[in-house]
Amino acid sequence: MIAVEDTVLQNIETSLLRTFATIAETRSFTRSAQLLFRTQSAITMQMQKLEDVLGCKLTYKSGRTIQLTNEGEALLPYALEILRLNDAVQSDIKSMRRHSEIRVGTSDDYAVILLPRVLEAFTLENPDITMTIHCSNRDQNIEKLKKGELDMVLAPSTLGEQLGETLRLERLVWAGAPETQIGHDAPVPLTGFPVGCICRDLMIQSLNQNNRQWRFVYSSNSIVSIHSAILSGRVVSAVEESTVPAGADIIDGKFGLPSLPQVKISVLRGTDRSNRACNRFYEHLKAGLGPVSGRSAEARLVS
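Going left to right, the sequence shown walks through residues 42 to 344 as my numbering numbers them.
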C-alpha cells in the first residue's frame, strides 16, 4: 500500500533549479558559486536539497569536472524552461507596472480642447492607467521627449516640417469677438501664447509678409485667458479652426487681415515602443484626432 505522504509532490524552488542549471553550464561548483555570488558550501547545500526533493543524484565528479547523471540530463530542459517562464513572468509584470503611467506633453489649448474626449474614451477602457499631461511649448516638450521625460508629444507643425506622424490638417483662422473692430490702417491688436508657439509665429509671419503693422497686447500660457481676451473684443488671434472659442467669430478677410496657412497636428513618440499602454493611447489619439472637415464642435471656452 502506498503511503499518502509519498504521493504528495513537493514544490521545487527556482533558486535550486538556477543553481543546477548554472552547474550544468559551467561543470564546476567553484565557477557556479562565483557566477551566483554564493559560497561554494552554499552551492553544495542547494544541490543536496534539490537531490533530496527529487530523490536522486543529479551530478557526479569525473576527473576535475562535474557531469550530469541520467536524471540530471532529464531534469535540465525542464529546469531551463521553468527558469525562462519564471523570468518572463517577473519581467512582464514589472513592465506592466512600469508602463502604467503615460506622460504626454502638449500645449494648453490641445490639453483643454482636443484631448478631453480622447482621454475619456481611453480611461474608460484602461481605468488602471495614470495619465500625466505636461503643458508647455512645442520645443520644450520635444526636448523632454528626447530626454525620456515624456512618452509622447502632441504638437502643431508647419506643412513643410517632418515632425512625427500627422494626425490631421487644421486650417489656421483669425478669431475675434462679434463686436471686434480694427481699422484697416491700424496695427492689429494680438493675443496668443508666448514666444515658441507655432501659431504665433505663423500669425506674425503672415502680417509681416503683408506689411501689416501689429502689436501684441496680451500673452498667456493659458488658453482660457487667451479665449477671454478674444471675447473681450479688444484683440484677435490666429488659432486652429477647431480651437476657436464658443462665442467668437472667424473673421478671415475682415479688417484687411491676411490669409493664414494650414498647420498639421502631429504626434511624436519616444524610442521605447514596448510600453503597451502608450501604444494603446497612441491608437486612441489617431482615432480621436483623425481628419475633420469644417469647424469642429470641439472648441469651447472653459470658464
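We put the beta carbon where it would ideally sit given N, CA and C, even for glycine.
All figures in this text were calculated on a predicted structure; none of them were measured in a lab.
Where the alpha helix (DSSP H) containing residue i begins and where it ends
i	result
residue 156	156 to 166
residue 318	317 to 329
residue 199	Element bounds for residue 199: not the alpha helix (DSSP H) but the beta strand (DSSP E), 193 to 199.
residue 181	179 to 187
residue 72	70 to 76
residue 51	Looking at the DSSP string, residue 51 is not in any alpha helix (DSSP H), and its letter there is neither H nor E.
Burial state of residue i, where buried means 16 or more other Cβ atoms lie within 10 Å
i	result
residue 182	buried
residue 43	Note that residue 43 has pLDDT 41, beneath the 50 cutoff, so the model's placement of it is unreliable and the number below is only indicative. Label assigned to residue 43: exposed.
residue 307	buried
residue 192	buried
residue 134	exposed
residue 268	buried
residue 188	exposed
residue 165	exposed
residue 203	exposed
residue 281	buried
residue 220	exposed
residue 314	exposed
residue 244	buried
residue 200	exposed
residue 98	exposed
residue 286	buried
residue 236	exposed
residue 88	buried
residue 305	buried
residue 326	buried
residue 148	buried
residue 178	buried
Start-to-end residues for the beta strand (DSSP E) that takes in residue i
i	result
residue 174	171 to 176
residue 295	Neither: residue 295 is in no beta strand (DSSP E) and is coded neither H nor E.
residue 60	Counting along the chain, residue 60 falls outside any beta strand (DSSP E), though it belongs to the alpha helix (DSSP H) covering 55 to 67.
residue 102	100 to 103
residue 223	Careful: residue 223 lies outside any beta strand (DSSP E) and carries neither H nor E.
residue 283	Note, residue 283: premise wrong, no beta strand (DSSP E); not H, not E.
Residues that residue i bridges to, as DSSP identifies them
i	result
residue 216	278 and 291
residue 229	255
residue 95	In DSSP, residue 95 forms no bridge with anything.
residue 107	102
residue 205	According to DSSP, which records beta bridges pairwise, residue 205 is partnered with nothing at all.
residue 146	175 and 194
residue 304	199 and 211
residue 310	193
Rounded separation between residue i and residue j - CA only
i	j	result
residue 223	residue 229	7 Å
residue 104	residue 130	39 Å
residue 73	residue 180	51 Å
residue 277	residue 231	5 Å
residue 126	residue 95	21 Å
residue 291	residue 303	15 Å
residue 263	residue 234	8 Å
residue 155	residue 217	20 Å
residue 90	residue 317	40 Å
residue 171	residue 255	43 Å
residue 16	residue 210	In this structure the chain extends from 42 to 344, so residue 16 is not present and cannot be described.
residue 337	residue 168	Model confidence at residue 337 stands at a pLDDT of 46, short of 50, so the residue's coordinates are unreliable and nothing is read from them.
residue 58	residue 120	6 Å
residue 213	residue 248	13 Å
residue 12	residue 208	As displayed, the chain neither begins before 42 nor continues past 344, which places residue 12 out of reach and without an answer.
residue 85	residue 141	42 Å
heavy atom of the ligand ATP below 6 Å from residue i C-beta
i	result
residue 258	For the ligand ATP, the structure offers nothing, since it holds no ligand at all.
Quiz prompt | Ranges of the beta strand (DSSP E) found wholly within the region 241 to 280, counting only runs of at least 3 | solution = DSSP runs (the beta strand (DSSP E)) wholly in the region 241 to 280: 255 to 260.
Self-check item: Complete runs of the alpha helix (DSSP H) confined to the region 109 to 142 [at least 4 residues]
Solution: Look at the region 109 to 142 and you find these whole runs of alpha helix (DSSP H), each 4 residues long or longer: 111 to 139.
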